[in-house]
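Using this note's numbering, the first residue of the sequence shown is number 87, and each one after it goes up by one. Read the structure below first, then the notes.
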Amino acid sequence: MNENKKNNEALLALIIEGIENVKGENITILDLRSIENTACDYFVICDGNSNTQVNAISGSVQRTVSKELKDKPWHVEGTDQANWVLMDYINIVVHIFQKETRDYYNIEDLWGDAKITQVTSNQSTQ
């Protein structure tokens, strides 16, 4: 179990780094571990200014995680339209939105019971 926590922390840090590398904005971490029957431990949510930037963030996260951990997402969807790209790393799900789409779906309010952490740029999580 401790190994899983360490792996999650390393993966979270690399996901944040990948987002920051291409200027992803409004990075938020939702810790879902204390909520029963969730599909994963964390959501990482961020936004970009265009479909090009949303896809660039997705690519940066994949490259950063792959380079350091030799891991790749189990599933990625939404890259065709790039309004909302979802990257599933099993224990951590990354949501990359265009700003308007993020405002519309407002995932943070849907998961209001989660512990929410705002990430300030170039600062490690928590």
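Heads up, the beta-carbon is just placed ideally off N, CA and C, and yes, glycines get one too. Computed from a predicted structure; not experimentally measured.
### Query
Where does the unbroken beta strand (DSSP E) through T203 begin, and where does it stop?
If you number the sequence shown from 1, residue 203 lands on position 117. Run containing T203: K201 to Q204, per the beta strand (DSSP E) assignment.
### Rounded Cβ spacing between I202 and L98 (contact assumed at less than 8 Å)
Residue 202 sits at position 116 when you count from the first residue of the sequence shown. Residue 98 sits at position 12 when you count from the first residue of the sequence shown. Taking a contact as a CB-CB distance under 8 Å, the pair I202 and L98 does not count as one, their CB atoms being some 14 Å apart.
### Message
Assess contact between the segment 154 to 170 and the segment 131 to 144, defined as three or more Cβ pairs (one per stretch) separated by less than 8 Å. Is contact present?
### Response
With the cut-off at 8 Å, the segment 154 to 170 and the segment 131 to 144 touch.
### Span separating the alpha-carbon of K153 from that of V108
Here residue 153 is taken as the residue at index 67 of the sequence shown, counted from 1. Here residue 108 is taken as the residue at index 22 of the sequence shown, counted from 1. Approximately 16 Å, taken between the alpha carbons.
### D117 in three-state terms, based on DSSP
As a position in the sequence shown, residue 117 is number 31, starting the count at 1. In the structure shown, D117 falls within a strand segment according to DSSP collapsed to helix, strand and coil.
### Query
Roughly how many whole angstroms lie between the Cα atoms of V205 and G134?
For the purposes of this step, residue 205 is identified with residue 119 of the sequence shown, where counting begins at 1. For the purposes of this step, residue 134 is identified with residue 48 of the sequence shown, where counting begins at 1. Note on geometry: alpha-carbon atoms of V205 and G134 lie some 15 Å from one another.
### Query
If we call anything under 8 Å between Cβ atoms a contact, is D127 one with N94?
In the sequence shown, counting from the first residue as 1, residue 127 sits at position 41. In the sequence shown, counting from the first residue as 1, residue 94 sits at position 8. Yes, they are a contact pair.
### Task
Check each candidate in I105, E122 and W160 and name the one with the smallest Cα separation from W197.
Within the sequence shown, residue 197 is the residue found at index 111, counting from 1. Selected option, being the one with the closest Cα: E122.
### Every unbroken beta strand (DSSP E) inside the segment 116 to 157 [3 residues or more]
Listed in chain order, they are 128 to 134.
### Query
Out of curiosity, what's the CA-to-CA distance linking D174 and Y191?
Against the sequence shown, residue 174 aligns to sequence position 88. Against the sequence shown, residue 191 aligns to sequence position 105. Cα atoms of D174 and Y191: separation of roughly 18 Å, rounded to the nearest angstrom.
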